[in-house]
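A.B. asks: Structure incoming, see below.
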Amino acid sequence: MVGAHKIGSLLFCPRCGTLLDLPKDGEIEVVCEQCAHVEPASSYENTEITTRSDPDAFPSALRQKRKTQTKTHEGGYQGTLVNEKCPSCGALEAYSTEKQLRSADEGSTIFYTCVACDYGWRLNN
Ligand SMILES: [Zn+2]
Ligand SMILES: [Zn+2]
């Protein structure tokens, strides 16, 4: 992929996904704060808004931006919070996710992750 992503009037760094600053008056290029990538300011003018048809572009670019900036683990979907005792530390809450690992008539496996110590275990149905 060559050139920056453009979303509306926003540009994201093609190397690290960081939101680039708008070029100031008279500036011919924009430098990425994160990785020092240099993007020509003309990218802002030449590109039309063509990303409307791709609803995923904006949120994923934002996610990427957050990741490069904060390094906090976002985790996404961790599962349903249930009252289940952790075999490792004895905490009484865990996240549970159910996965169909085998064929449908063989039941499924429930995975638990302790909210306190991150210990993971499973339960076969
Ligand atoms: Zn960058
Ligand atoms: Zn635990």
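Take the sequence shown: its letters are residues 1 to 125, numbered as in the UniProt record's numbering.
Even glycine gets a Cβ: it sits at the ideal position worked out from N, Cα and C.
#1: Does the Cβ of Cys117 have 16 or more other Cβ atoms within 10 Å, making it buried, or fewer, making it exposed?
#2: Evaluate Leu123 with the Cβ neighbour count: other Cβ atoms within 10 Å of its Cβ, from every protein chain shown; 16 or more gives buried, anything less gives exposed.
#3: For a test of the three-state rule: what should DSSP assign to Tyr112, helix, strand or coil?
#4: Where does Ser42 fall in DSSP's three states?
#5: For Glu89, collect the residues of the same chain with a Cβ closer than 6 Å to its Cβ; drop the 5 residues on either side in sequence, then sort them by chain order.
#6: Indicate the three-state DSSP secondary structure (helix, strand or coil) for residue 188 in the structure shown.
#7: Just verifying my parser: in three-state terms, what is the DSSP assignment at Asn27?
#8: For ligand 2, I want to know if Ser88 counts as a neighbour, meaning its beta carbon is within less than 8 Å of at least one of the ligand's heavy atoms.
#9: Just to confirm, does Tyr95 get its C-beta within under 8 Å of one of the non-hydrogen atoms of ligand 2?
#10: Alpha carbon to alpha carbon, how far is Tyr44 from Leu11? Give it in angstroms, no decimals.
#11: Any idea if Cys35 is buried or exposed, counting beta-carbon neighbours within 10 angstroms, 16 or more meaning buried?
C.D. replies: This is what the structure holds:
#1: exposed
#2: exposed
#3: strand
#4: coil
#5: A quick correction: the sequence has Cys, not Glu, at residue 89. Hits under 6 Å: Ala116, Cys117.
#6: An answer regarding residue 188 cannot be provided, because it is not within the stretch 1 to 125 covered by the chain.
#7: Note that residue 27 is Glu in the sequence shown here, rather than Asn. Here DSSP, grouped into helix, strand and coil, assigns Glu27 to coil.
#8: yes
#9: no
#10: 7 Å
#11: exposed
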